[in-house]
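Chemist: So in the numbering used here, spot 229 of the sequence shown is number 224, and the numbers just go up one at a time.
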Amino acid sequence: MSRLIVVSNRLPLGDNPSGGLVVALEDALRSSGGVWIGFSGEVVDDPSDDLQDNPGAPFDRLSFDLTQQDHEEYYLGYSNSILWPLCHGRPNLMRILPEYLDGYRRVNARIARMMLPHLREGDRIWVQDYHLFPLAAELRKLGVTAPVGHFLHIPFPGPADCAALPNPEELFEWLSHFDLLGFQAQRDLGAFAESARQLTQVTQLSPTSFLLDDRKIHAQVFPIGIDAAAFVAEAEAAPDEDRIRTLTDAKLMIGVDRLDYSKGIPQRFRAFQILLEQDPELIEKISFLQIAPPTRGEVEAYQVIREETEHLAGRVNGQFSTLNWTPIRFIHRSVPRNVLAGLFRQAHIGLVTPLADGMNLVAKEYVAAQNPEDPGVLILSRFAGAAEQMPDALIINPHDPHDLAQAMAEAMRMPKEERRRRHATLLEEVMSHDVAWWSRTYLRALRVSDQGHESDRMQ
Ligand code: GDG
-4 MSRLIVVSNR LPLGDNPSGG LVVALEDALR SSGGVWIGFS GEVVDDPSDD LQDNPGAPFD
56 RLSFDLTQQD HEEYYLGYSN SILWPLCHGR PNLMRILPEY LDGYRRVNAR IARMMLPHLR
116 EGDRIWVQDY HLFPLAAELR KLGVTAPVGH FLHIPFPGPA DCAALPNPEE LFEWLSHFDL
176 LGFQAQRDLG AFAESARQLT QVTQLSPTSF LLDDRKIHAQ VFPIGIDAAA FVAEAEAAPD
236 EDRIRTLTDA KLMIGVDRLD YSKGIPQRFR AFQILLEQDP ELIEKISFLQ IAPPTRGEVE
296 AYQVIREETE HLAGRVNGQF STLNWTPIRF IHRSVPRNVL AGLFRQAHIG LVTPLADGMN
356 LVAKEYVAAQ NPEDPGVLIL SRFAGAAEQM PDALIINPHD PHDLAQAMAE AMRMPKEERR
416 RRHATLLEEV MSHDVAWWSR TYLRALRVSD QGHESDRMQ
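Here it is in structure tokens:
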């Protein structure tokens, strides 16, 4: 039996590792006696170079700690102050320091070394996300010939952005050691092909296979989904006492995002301000709830976005609040998942307006949570990967506050008939391409790409 080895920056720990990814991979990991490897979340002075076992899950969980320096250079530095802004089209927010790249290389090399004694003949390795681009190259240096796949959860940068990296050629060198690259959307596969063409030696052999630095790799689109059936059940069971109450009969509009500059939260507040200015009939008729748990607070760009959003929400509230109504409620904390599911169901409008986003799972959760008899309206940015699969949402340009305000007005007044028609198509998509479909399809493609390589090796 071929074991599945998953490697991600963060190991899912805790008693209730209920993230969609965990649910999706649990079956594959359990049935193949698989292993999940990742960072424990502990920053320590003198971390062990042996992976630590974390019992309590139906598969093996092996973790490593990081030093403060590793955490700053590999995680906050190269991953989140260079790659994250770059992949989200914001090279101006990059902070390039040579030690970030050194730390990123060093930690990936260390993870590969720590993995080695745990690998067996026949294993398949699936690496998650942008923190671990060099991992296959490091494993190959140590003689590992197992199939290694990568899935990128965020957008792939186009040539102009890639060229802003301190090491664009090295990025493609790293990628050339994977057997299969998985992307969220056609947009990303296209950006990868175009960036590779402009910045490195590449021959495209077919729409999904490339000769990159003389190594054959496959690259395909696998849009990630949610654990849809479970989310529907969660929304149906959500406790009534967690519903939002207002003194007016206002309809709820909801946004739920980590407080990240890629998510377009200030643009939402500006659009909402325009809506209330242009359509005063909607005063006291619409109430906007924005839940935005903090994230990566050590990175300066995140401190800036926090101040900007708080300032804007205060300004809109100051301008429009009445004695009975506050237009924006801005919650800068995390809310329990079942409460979130109930709020999605209650909300007449789901607002998903990132400036750039790999997929955006909130769009899919909002759709799954609706009552099909009387569903709400999803407003979705054309720059979310999800837009490729969800054309029946109201698709908007988040940079244009007038376009967004117009969509809010349209959603407020959309007849039930149209809401039901749009929702039925969206729900069908969310249910049929759920997270289990995603992992099955990816792992099948990894097997096929490895068979292709085996026959190449035999020729
Ligand atoms: C990356 C890519 C891609 C948010 N606030 C609370 C809460 N959440 C949950 C949401 C959703 C998840 O967090 C966020 O997922 P997203 O997809 O929106 O965004 P990223 O975190 O940026 O994820 C993204 C994803 O990877 C998967 O590939 O879709 O494009 O950037 O599930 O519901 N959950 C709870 N309380 C909160 O306050 N319980």
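Backbone N, C-alpha and C fix where the C-beta goes; we use that ideal spot for every residue, glycine too.
Here the structure is a predicted model, which means the values were calculated and not measured.
1. For leucine 8 and aspartate 398, what's the separation of their Cα atoms in angstroms?
2. Given a cut-off of 8 angstroms on the beta-carbon distance, is the pair arginine 119 and histidine 172 in contact?
3. How close, in whole Å, do the beta carbons of leucine 356 and tryptophan 121 come, if the pair is a contact with beta carbons under 8 angstroms?
4. Considering only the beta carbon of each residue, do valine 18 and aspartate 222 sit closer than 8 angstroms?
5. Return yes when at least one heavy atom of the ligand GDG lies under 7 angstroms from the C-beta of leucine 335, else no.
6. Quick check on lysine 211: does DSSP put it in helix, strand or coil?
7. Say whether the segment 263 to 279 touches the segment 386 to 403, bearing in mind that this needs 3 or more beta-carbon pairs closer than 8 angstroms, one atom from each stretch.
8. Evaluate aspartate 445 with the Cβ neighbour count: other Cβ atoms within 10 Å of its Cβ, from every protein chain shown; 16 or more gives buried, anything less gives exposed.
9. CB leucine 114 to CB alanine 141, shorter than 8 angstroms?
10. Run the proximity test for leucine 356: is its beta-carbon closer than 7 angstroms to any non-hydrogen atom belonging to the ligand GDG?
11. Cβ of tryptophan 31 within 8 angstroms of Cβ of phenylalanine 54?
12. Run through DSSP, which three-state label would asparagine 4 get?
13. So within the segment 20 to 74, which uninterrupted beta strand (DSSP E) runs reach at least 3 residues, ignoring any that extend past its ends?
14. Quick check on the DSSP output: the alpha helix (DSSP H) that includes glutamine 268 runs from which residue to which?
15. Just to confirm the assignment, what range does the beta strand (DSSP E) spanning leucine 389 have?
16. Just reading off the alpha helix (DSSP H) that arginine 332 is part of, what are its end residues?
17. Label alanine 131 either buried or exposed according to how many other C-beta atoms from any shown protein chain fall within 10 Å of its C-beta, with 16 as the threshold for buried.
18. Just mark glutamine 298 as buried or exposed, buried being the case when its beta carbon has 16 or more other beta carbons within 10 Å.
19. Report the option in Leu242, Asp41, Pro234 whose CA atom is closest to the CA atom of glycine 337.
20. Please report the distance separating the alpha-carbon of methionine -4 from that of alanine 23.
21. From the DSSP secondary-structure annotation, give me the bridge partner or partners of histidine 145.
22. Just how far apart, CA to CA, sit tryptophan 433 and arginine 439?
23. Would the beta-carbon of glycine 380 be found less than 7 angstroms away from any heavy atom of the ligand GDG?
24. Three Cβ pairs or more, each shorter than 8 angstroms: is that satisfied between the segment 310 to 324 and the segment 241 to 254?
25. By the 10 Å Cβ neighbour count, where 16 or more other Cβ atoms means buried, how is leucine 137 classified, buried or exposed?
26. Would you tell me roughly how many angstroms separate the C-alpha atoms of histidine 428 and aspartate 40, rounded to the nearest one?
Modeler: To lay it out plainly:
1. 42 angstroms
2. no
3. About 19 angstroms; that fails the 8 angstroms criterion.
4. yes
5. yes
6. strand
7. yes
8. buried
9. yes
10. yes
11. yes
12. strand
13. 30 to 38, 55 to 61
14. 260 to 273
15. 389 to 391
16. 332 to 341
17. buried
18. exposed
19. Pro234
20. 11 angstroms
21. Val122, Leu176
22. 10 angstroms
23. yes
24. yes
25. exposed
26. 44 angstroms
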